[in-house]
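Top line first, the protein sequences correspond to chains L and E. Just add 799 to the spot in the first sequence (first one is 1) and you have our numbering. Just add 25 to the spot in the second sequence (first one is 1) and you have our numbering. Cβ atoms here follow ideal geometry from the backbone N, Cα and C, with glycine treated the same way. Scroll down for the structure; my scribbles are underneath it.
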Amino acid sequence: MDQGLQTRATLLLNLRDVENHAAWERFVDLYTPLIFQFCRKRGLQEVDAADVAQEVMKAVAGAIQKFEYEPDRGGFRNWLFTVTRNKLKSFWDRRQRQPAAMGGTTMMQLIQEQPGSSEELDWDHEYRLRMFHWAADRVRAEFKVPTWEAFWKTAVQNQPIGEVARALGLTEGAVYIARSRVIAKLRLAVEHATGDWDDLRVVAA
Amino acid sequence: MNAVCPTPATWRALLSGAVPEAEQVELAGHLDTCEPCRQLLEQLSGHGTTTFVFAERDDSRNESIELRRLVSRLKGVEGAAGEGIDWDIAPYLQPSAGSEAIGTFGGYEVLEIVARGGMGIVLKAHDRQLDRVVAVKVLAPHLAANIEFRERFLREARAAAALQHDHVVVIHSVGEEAGLPFIVMQHLAGPSLQAWLDTHGRLGESEVIRVGRQLASALVAAHAVGLIHRDIKPANILLEDGLARVRLTDFGLVHSVNQTNTTDGHLLAGTPQFMSPEQAAGAPVGVASDLFSLGGTLYSLAIGHPPFVADRMTELLAKVRKGIVEPIRRERSELSAGLAGLIGRLMSPDPTRRGTAAETLATFRKLARPKKANLVVWTTAAAALLAVLVGIVWPDPHPNAGDANRPVGFTLRSGGTIASSLAEAVELATPGDLIEVHGDGLIEVQPLTVRGKPLRIRNAVGARPVLRCVSSDAPMFDTDSALTLEGLVLEHQLPNVLAPPLIRITGASLRLWHCRMQKRSLVPRAYRQRAFCVEANDAPLVEIAYSELIPVERAVGLVLQNVTSDRRPVEPFAAEVRIMQSLMFGMETCEVENRTAEPVRLTIEDSVFINRLLLRLDDLAPANSVEVRIKDSVIEVDSVIFGFALEAQYILTNLNWSGDNNRYRVQQAFINLPTSQGRPAPAPGTPRTVVDWDGLAEVEETGSRMMPAGLRAVFMDALLTQEDLTANKLEIEAMLADMPSPPEIVRMGPGKPYEDWRASPAYVIWEAAIRPDHAVSPPK
Chain L
800 MDQGLQTRAT LLLNLRDVEN HAAWERFVDL YTPLIFQFCR KRGLQEVDAA DVAQEVMKAV
860 AGAIQKFEYE PDRGGFRNWL FTVTRNKLKS FWDRRQRQPA AMGGTTMMQL IQEQPGSSEE
920 LDWDHEYRLR MFHWAADRVR AEFKVPTWEA FWKTAVQNQP IGEVARALGL TEGAVYIARS
980 RVIAKLRLAV EHATGDWDDL RVVAA
Chain E
26 MNAVCPTPAT WRALLSGAVP EAEQVELAGH LDTCEPCRQL LEQLSGHGTT TFVFAERDDS
86 RNESIELRRL VSRLKGVEGA AGEGIDWDIA PYLQPSAGSE AIGTFGGYEV LEIVARGGMG
146 IVLKAHDRQL DRVVAVKVLA PHLAANIEFR ERFLREARAA AALQHDHVVV IHSVGEEAGL
206 PFIVMQHLAG PSLQAWLDTH GRLGESEVIR VGRQLASALV AAHAVGLIHR DIKPANILLE
266 DGLARVRLTD FGLVHSVNQT NTTDGHLLAG TPQFMSPEQA AGAPVGVASD LFSLGGTLYS
326 LAIGHPPFVA DRMTELLAKV RKGIVEPIRR ERSELSAGLA GLIGRLMSPD PTRRGTAAET
386 LATFRKLARP KKANLVVWTT AAAALLAVLV GIVWPDPHPN AGDANRPVGF TLRSGGTIAS
446 SLAEAVELAT PGDLIEVHGD GLIEVQPLTV RGKPLRIRNA VGARPVLRCV SSDAPMFDTD
506 SALTLEGLVL EHQLPNVLAP PLIRITGASL RLWHCRMQKR SLVPRAYRQR AFCVEANDAP
566 LVEIAYSELI PVERAVGLVL QNVTSDRRPV EPFAAEVRIM QSLMFGMETC EVENRTAEPV
626 RLTIEDSVFI NRLLLRLDDL APANSVEVRI KDSVIEVDSV IFGFALEAQY ILTNLNWSGD
686 NNRYRVQQAF INLPTSQGRP APAPGTPRTV VDWDGLAEVE ETGSRMMPAG LRAVFMDALL
746 TQEDLTANKL EIEAMLADMP SPPEIVRMGP GKPYEDWRAS PAYVIWEAAI RPDHAVSPPK
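As structure tokens, this is what we get:
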């Protein structure tokens, strides 16, 4: 196991240590909104989305006690997606047995008609968006305002580099540098905090 | 087209932050024309790969209360450990010599376990030293394991311990044993009001009024010092002598829990049944929230069950959030209109309609003695209030406080009215009013928002008030109108990362005369961001005279977007920051962001700055946007003007500097210039002496000198207390001795020089000059 993988393994091990509140809290901060928003997008009301997200997180917490790692064979993201989808499915199953409280049947059909691949794409999109904002909130203060603006305007708002450079009074080269530095920093922040979960395959024993 | 492209290793170094700012200029120059290198850099940075989706945040998605609740629930006992309730105090007990005791904890002989909750255990114990029975509340280990939580818990408990009142359970001490924080408090044998209700049923009207009056008087005292209970309910009210006397317990503790845990029923953190709608919605709560909970408590005393009842938690929360209850007389028709009306008012969904604790107390007194006239009742209430406030013992003796323990109070020039809190005084004040602060020592102040009301607030003659903002996330003053403060000590305790300013002023002028500002931070320096004393937005004038800013992070942050011409102090300037006869220790004196077409003037006279830097300029402003006039001052800094080397040139074009008879000690450079191509930093020509500095086109210095070498530098990072300041006083005096006409800073802060000045004819002129009509005239 190389140095990087060892680090990641340590992070997951940290989670297993129930005393390690900091790791758990970081985990909750990162993933709960993701699962919650994913459920909301699938038509769940806030209270229900919170219920499902809670079930997912509890399942994850439980599974972590028995985690085995097999790096390079998939991703933590995919595993989390599977758990979420299963919990969602059982939610809909339960809901179907109950009288439709909120146009449940129509919603049910809607959900089931969605092809799985689109659902997965949606999950990935939500995941990566969430990662971005999570990281952005953390690194923003490390940059001067014009540097951050140069990044935001070109990468997020997709404004042409030339225009942004003029507006900020920078050269185009400086805008490229600013943007690249910010993006590199964002990646570093995510890698540092999550130990790059993407590379991990986590199997509940 | 570029003969020599930088190596990929160079680009990687840039991305990892290893390339100094100065050399980045060079790389930027290369990128201006080299497309292959642009692509390489983009690729190396990971732009275009799928790690992120770069898109604006849809803020509405993050506002979900359900989500917030879930996150805090998961971070609490349930998620992390799935345990926590079932712990035993036994392993934490030491053997005891006493025959009755089951062991000792924190030096107290534990007699029995009185209660258990999700938050901790309550022990009945014997205090051998004082030979009295006490209650010891011990925080559960799973909560104590969280350092942040533990500290918050202790902080809240200590704050509550300062409150001594006939109707509040006395906190004797706060401590920690084997990593578990505990609170030692008065032991009351009587059951809680909830237990009484459960066994005896609802109370008679006169009993409800008596209990209500006692609780309201406790809240008057608590709110006057900025303490919010946050969890008033029958279970937190203990009986001392049947229903004759009640005491409120667990002040503020729910606050420390709610920031870590859920508010689900199984935790001691509380059932939402008595919560205000704003509290149930997870919004910030103020004193009005306590009044709602008081109303809910009285409601349940009068009818025998809580105001909100539901089978399921979610349903209950929904009801509480709406905050609409059945009118109480529908439940119990024989209640008097007076009591029903008061409970209805307290339980108003709109916090601003609930009145204050003092008003509530007055109404209770009226209800108890319906024949008395209103006026008499109010006078009595005010007298009682002052008595209560005098009785409070401050644990934190302040260096600037007078000796006499004079009563705290606030009077208004407009009506001679006495107000019990600054908030009340500000509310009662008319535009342009003068509020005088009476009393010595610490006065805790709730954050104040002032709109459309120019005000002047000063100390009463001889008074030494210290106003402390109790909020960690709001300024003491947030105003859009002219504000003048005189003879006051203002301070802010900042347990928070996103430190708010002490004063936020928008579109109006601020004057601080003879004030001292202190901003002590509990957060490590690296995490503090923009902890300004004064945050001025489009303010035509910020004037600090005869004042001390010790120690502060950043003194003045001025942002100008649009200053209307009729408010400008001096043409052609959009705004002015004036610092005279003042002393500042800290990080930065002034940060200017000027987006207007007109320049800003920074005038400094007769002042001493021991700082990281004097001025930080926004590098995007138009040219010549800041004019600095600085004379007869001592400036000891890392660098006079901050700017990454990359931006130094832009900054210099913004600047128009003229100095006269100043003394500088500059650790790094006056400003860091960019390096020329290929040279290591620092660039040649970087101004390190007054001669270099004066040599820059934008700068003119006459009669100024560098401080003689050999004096020890004062390190800002270590300088955080008044003691440090005293220790460094000699240093400052040595600097001053070098000056032919040193700044004469003798009248700073409230004190005798200020009182002398107030008694002088010059004060009349000053008073006339500061009428809060935005007009500005020179202070001298």
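Option nearest residue i by Cα separation, candidates the options
i	options	result
VAL380(E)	GLU578(E), ALA184(E), VAL350(E) and SER314(E)	The question names Val, yet the displayed sequence has Gly at residue 380(E). The option with the nearest alpha carbon to GLY380(E) is SER314(E).
VAL193(E)	ARG238(E), ARG730(E), ALA327(E) and PRO309(E)	ARG238(E)
ALA564(E)	GLU46(E), MET609(E), PHE634(E) and ALA533(E)	ALA533(E)
ALA507(E)	ILE528(E), SER231(E) and PRO166(E)	ILE528(E)
VAL462(E)	VAL475(E), ALA444(E), SER445(E) and ALA485(E)	ALA485(E)
ARG175(E)	GLY204(E), GLN189(E), ALA160(E) and VAL159(E)	GLY204(E)
SER626(E)	GLN606(E), LEU639(E) and GLU652(E)	Looking at the sequence itself, residue 626(E) is Arg, so the reference to Ser does not match. Here the closest residue by C-alpha is GLU652(E).
THR474(E)	GLU452(E), GLN543(E) and VAL665(E)	GLU452(E)
MET501(E)	PRO479(E), ALA184(E), VAL334(E) and PRO526(E)	PRO526(E)
ALA935(L)	ASP847(L), ARG986(L), PHE837(L) and TYR830(L)	ARG986(L)
LEU639(E)	LEU386(E), LYS391(E) and GLN692(E)	GLN692(E)
GLY132(E)	VAL158(E), ALA165(E), VAL139(E) and MET144(E)	VAL158(E)
PRO632(E)	LEU608(E), MET612(E) and ASN619(E)	For the record, residue 632(E) in the displayed sequence is Ser; it is not Pro. Closest by alpha carbon: LEU608(E).
LEU358(E)	VAL345(E), ILE328(E) and PRO376(E)	Note on identity: in this sequence residue 358(E) is Ser, with Leu being the wrong assignment. Considering only alpha carbons, the answer is ILE328(E).
GLY145(E)	ALA160(E), MET731(E), ARG153(E) and ALA794(E)	ALA160(E)
GLY684(E)	ARG63(E), ASN697(E), GLU723(E) and ARG489(E)	GLU723(E)
GLU941(L)	GLU854(L), ARG893(L), PHE837(L) and LYS984(L)	LYS984(L)
Residue range of the beta strand (DSSP E) that includes residue i
i	result
ARG37(E)	Run containing ARG37(E): none in the beta strand (DSSP E); it sits in the alpha helix (DSSP H), 33-40.
LEU680(E)	680-685
ALA694(E)	688-694
ALA150(E)	145-152
ALA160(E)	157-164
GLU652(E)	651-656
VAL789(E)	Looking at the DSSP string, VAL789(E) is not in any beta strand (DSSP E); the run it does join, the alpha helix (DSSP H), is 786-794.
Paired residues, beta bridge with residue i - DSSP
i	result
ALA600(E)	VAL625(E)
ASN562(E)	THR531(E) and VAL584(E)
TRP538(E)	GLU511(E) and ALA570(E)
PRO206(E)	GLU201(E)
PHE835(L)	Answer is none; PHE835(L) lacks a bridge partner.
ARG272(E)	LEU263(E)
THR504(E)	VAL475(E) and ILE530(E)
ALA140(E)	VAL147(E)
THR711(E)	According to DSSP, THR711(E) bridges with nothing at all.
THR727(E)	ASP685(E)
LEU640(E)	CYS615(E) and ILE666(E)
ARG481(E)	LEU459(E) and THR509(E)
Residue i: first and last residue of the uninterrupted alpha helix (DSSP H) it sits in
i	result
ILE234(E)	230-249
PRO490(E)	That residue, PRO490(E), is in no alpha helix (DSSP H); its beta strand (DSSP E) goes 490-494.
CYS62(E)	60-70
LEU316(E)	312-328
THR224(E)	218-225
GLU51(E)	46-56
THR614(E)	It is not in any alpha helix (DSSP H) - THR614(E) instead sits in the beta strand (DSSP E) that spans 608-619.
ILE253(E)	It is not in any alpha helix (DSSP H) - ILE253(E) carries neither H nor E in the DSSP assignment.
GLY369(E)	362-371
GLY961(L)	960-967
THR388(E)	382-393
query: Got a sec: which bits of the segment 676-694 of chain E sit with their beta carbon under 7 Å from any beta carbon on chain L, in order along the chain?
result: none
query: Which ranges does the beta strand (DSSP E) cover as unbroken runs of at least 3 residues, wholly within the segment 436-471 of chain E, from first to last along the chain?
result: 458-463 and 466-470
- prompt: At a Cβ cut of 7 Å, what residues of the segment 954-970 of chain L count as close to chain E, listed as they run along the chain?
  reply: ALA954, VAL955, LEU967, GLY968 and THR970
- prompt: Taking Cβ-Cβ distances below 7 Å as the criterion, which residues of the segment 597-624 of chain E are in contact with chain L?
  reply: none
- prompt: What residues from the segment 555-570 of chain E come within 8 Å of chain L, judged by C-beta to C-beta, listed N to C?
  reply: none
query: Using a beta-carbon distance cut-off of less than 8 Å, what residues from the segment 974-986 of chain L approach chain E?
result: TYR975, ILE976, ARG978, SER979, ARG980, ILE982, ALA983, LYS984, LEU985 and ARG986
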